[in-house]
Amino acid sequence: MSITMQSVLVCLMFFIGALPHVHVHADINSAYKRAVHHAMGRYKRNSVPHKNHRPKFHAGPWKNAHATFYDGGSGTFGGACGYDDVVKEGYGLQTVALSQALFNNGQSCGACFEIKCVDDPQWCKPGQPSLLVTATNNCPPNYNLPADNGGWCNPPREHFDIARPVFLQIAEYKGGIVPVMYRRIPCQKKGGIRFTISGNPYFNEVLVWNVGGAGDVTSLQVKGSDKLKWTAMRRLWGQKWVTDAMMVGESLTFRVRASDGRFSTSWHVAPKNWQFGQTFEGKNFKQ
Numbered sequence: 022m023s024i025t026m027q028s029v030l031v032c033l034m035f036f037i038g039a040l041p042h043v044h045v046h047a048d049i050n051s052a053y054k055r056a057v058h059h060a061m062g063r064y065k066r067n068s069v070p071h072k073n074h075r076p077k078f079h080a081g082p083w084k085n086a087h088a089t090f091y092d093g094g095s096g097t098f099g100g101a102c103g104y105d106d107v108v109k110e111g112y113g114l115q116t117v118a119l120s121q122a123l124f125n126n127g128q129s130c131g132a133c134f135e136i137k138c139v140d141d142p143q144w145c146k147p148g149q150p151s152l153l154v155t156a157t158n159n160c161p162p163n164y165n166l167p168a169d170n171g172g173w174c175n176p177p178r179e180h181f182d183i184a185r186p187v188f189l190q191i192a193e194y195k196g197g198i199v200p201v202m203y204r205r206i207p208c209q210k211k212g213g214i215r216f217t218i219s220g221n222p223y224f225n226e227v228l229v230w231n232v233g234g235a236g237d238v239t240s241l242q243v244k245g246s247d248k249l250k251w252t253a254m255r256r257l258w259g260q261k262w263v264t265d266a267m268m269v270g271e272s273l274t275f276r277v278r279a280s281d282g283r284f285s286t287s288w289h290v291a292p293k294n295w296q297f298g299q300t301f302e303g304k305n306f307k308q
């Protein structure tokens with residue numbers, strides 16, 4: 022019991038003790054109960070935090086950057102974000118590799134962007150069509166070349182490297198590098214968040230993908246149905262999270278937190294007999 026609640030009860034007892042003895046004991050007892058009930062109600066209302074209802078993720082402001090392309094294809098892999106195969110996992114070729122300034126050590130993996138080619142009538146496609154893409158890789162810096170002549174992804178440049186078939190939707194192939202405007206947008210994903218579990222009983226690895234809303238994950242917790250209490254997993258790289266806690270033999274619940282502060286809890290998505298290499302679908306963020 023807190024000091025505040027103890028003070029309330031002490032005052033009540035002093036008040037009751039000071040009452041004239043001519044009062045009937047039943048009346049005193051009834052008044053005591055009502056006072057305690059009222060005080061407890063106020064205590065609970067003041068001590069229990071209200072559930073934090075955060076708003077849905079909304080598009081951010083437009084910013085300036087540049088974009089290039091690489092030869093993406095059906096065998097395109099996720100690279101620095103840890104996704105196994107972005108095409109098979111539903112991202113398609115609508116993906117980008119981010120420069121160091123945007124990649125943020127893997128924190129931005131899964132974030133979604135709208136990109137437009139601008140201010141270059143010679144190479145931008147007319148009508149300013151937009152690309153809606155998901156960040157799935159890192160465009161590494163090339164310090165052997167200057168940032169304005171080949172070292173496009175060198176810090177502090179904000180730059181997007183896009184699969185060629187998608188790049189050609191907004192710019193001409195001969196353009197090579199084009200000025201763009203971009204903004205963060207909510208990720209529109211079909212189905213729930215996916216959790217792919219790999220590793221071994223002493224080193225569990227979980228890949229988190231198909232995340233809606235803000236798209237990028239800032240923390241992951243896991244809870245078992247028996248001995249495993251809520252446990253924070255640590256980022257290995259990209260969107261791969263690990264823990265050496267014993268997860269085998271328990272039904273698993275995952276809690277995902279995105280960069281906008283919202284949580285999504287997927288209760289008991291993996292049954293007790295889950296196996297390494299399996300993928301489970303949980304609850305996605307409302308979009």
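Count along the sequence shown from 1, add 21, and you get the number used in our numbering. Where a beta carbon is used, it is the ideal one built from N, C-alpha and C, also for glycine. The structure presented is a predicted model; accordingly, all values stated were derived computationally and were not measured.
{"Query": "Could you check whether A86 and F390 sit closer than 8 Å to each other, using their CB atoms as the reference points?", "Result": "Since the displayed the chain opens at 22 and closes at 308, residue 390 lies outside it and no answer follows."}
{"Query": "Name the DSSP bridge partner or partners of S151?", "Result": "K137"}
{"Query": "Under 8 Å, do A118 and N159 count as touching if we go by C-beta distance?", "Result": "yes"}
{"Query": "Start and end of the beta strand (DSSP E) containing L114?", "Result": "Element bounds for L114: n/a, residue is neither H nor E."}
{"Query": "Span of the beta strand (DSSP E) holding P186?", "Result": "No beta strand (DSSP E) contains P186, which is instead part of the alpha helix (DSSP H) from R185 to F188."}
{"Query": "Going by the beta-carbon positions, is the gap between K210 and V232 smaller than 8 Å?", "Result": "yes"}
{"Query": "Please say whether I218 and F297 have beta carbons closer to each other than 8 Å?", "Result": "yes"}
{"Query": "Does the beta-carbon of F216 have 16 or more other beta-carbons within 10 angstroms, so that it is buried, or is it exposed?", "Result": "buried"}
{"Query": "Specify, as a first and last residue, the run of the beta strand (DSSP E) that A122 falls within.", "Result": "Counting along the chain, A122 falls outside any beta strand (DSSP E), though it belongs to the alpha helix (DSSP H) covering Q121 to F124."}
{"Query": "By Cβ distance below 6 Å, which residues in the same chain neighbour F301 in space, the five residues on each side in sequence not counted?", "Result": "F216, V290 and A291"}
{"Query": "Helix, strand or coil: how does DSSP classify A88 here?", "Result": "strand"}
{"Query": "For the beta strand (DSSP E) containing A245, list its first residue and its last residue.", "Result": "The sequence shown places Gly at residue 245, not Ala. Counting along the chain, the beta strand (DSSP E) containing G245 begins and ends at V238 to G245."}
{"Query": "Who does L228 pair with in a DSSP beta bridge?", "Result": "T217 and K261"}
{"Query": "List the whole-angstrom C-beta distance separating T13 from C133, where the pair is believed to meet the contact cut-off of C-beta under 8 Å.", "Result": "Residue 13 lies beyond the stretch modelled for the chain, which goes from 22 to 308, so this question has no answer here."}
{"Query": "In terms of DSSP beta bridges, what is E302 paired with?", "Result": "R215"}
{"Query": "Looking only at C-alpha atoms, which of S246, V199, T252 and N170 sits nearest to C145?", "Result": "V199"}
{"Query": "In its own chain, which residues sit with a C-beta less than 8 Å from the C-beta of S151, not counting the 5 before and 5 after it?", "Result": "E135, I136, K137 and I191"}
{"Query": "Please report the Cβ distance between G259 and G127, rounded to the nearest whole angstrom; I am assuming they are in contact, meaning their Cβ atoms lie under 8 Å.", "Result": "5 Å"}
{"Query": "Tell me which same chain residues have a C-beta within less than 6 Å of the C-beta of G100, skipping the five on either side of it?", "Result": "N158"}
{"Query": "Once the 5 residues before and after T274 are set aside, which same chain residues still bring their CB inside 6 Å of it?", "Result": "K244, W288 and H289"}
{"Query": "According to DSSP, is G172 part of a helix, a strand, or is it coil?", "Result": "coil"}
{"Query": "Which residues in the same chain as D247 place their Cβ atom closer than 6 Å to its Cβ, once the five residues preceding and following it in sequence are excluded?", "Result": "E271"}
{"Query": "Can you tell me whether Q115 is buried or exposed? The criterion is at least 16 other CB atoms within 10 Å of its CB, across all chains shown.", "Result": "buried"}
{"Query": "To the nearest whole angstrom, what separates the beta carbons of G111 and R204, a pair I think is in contact under 8 Å?", "Result": "About 22 Å; that fails the 8 Å criterion."}
{"Query": "Please state the DSSP three-state secondary structure of H46.", "Result": "Its pLDDT being 44, under 50, H46 is placed unreliably in this model, and the value from its coordinates should be taken loosely. H46: helix per DSSP, three-state reduction."}
{"Query": "Exposed or buried, what is R276 when buried is set at 16 or more other beta-carbons lying within 10 Å of its beta-carbon?", "Result": "buried"}
{"Query": "Please report how far the alpha carbon of L249 lies from the alpha carbon of G303, in whole angstroms.", "Result": "19 Å"}
{"Query": "State the CB to CB distance for the pair N225 and M268, rounded to an integer number of angstroms; the pair is presumed to be in contact (CB under 8 Å).", "Result": "5 Å"}
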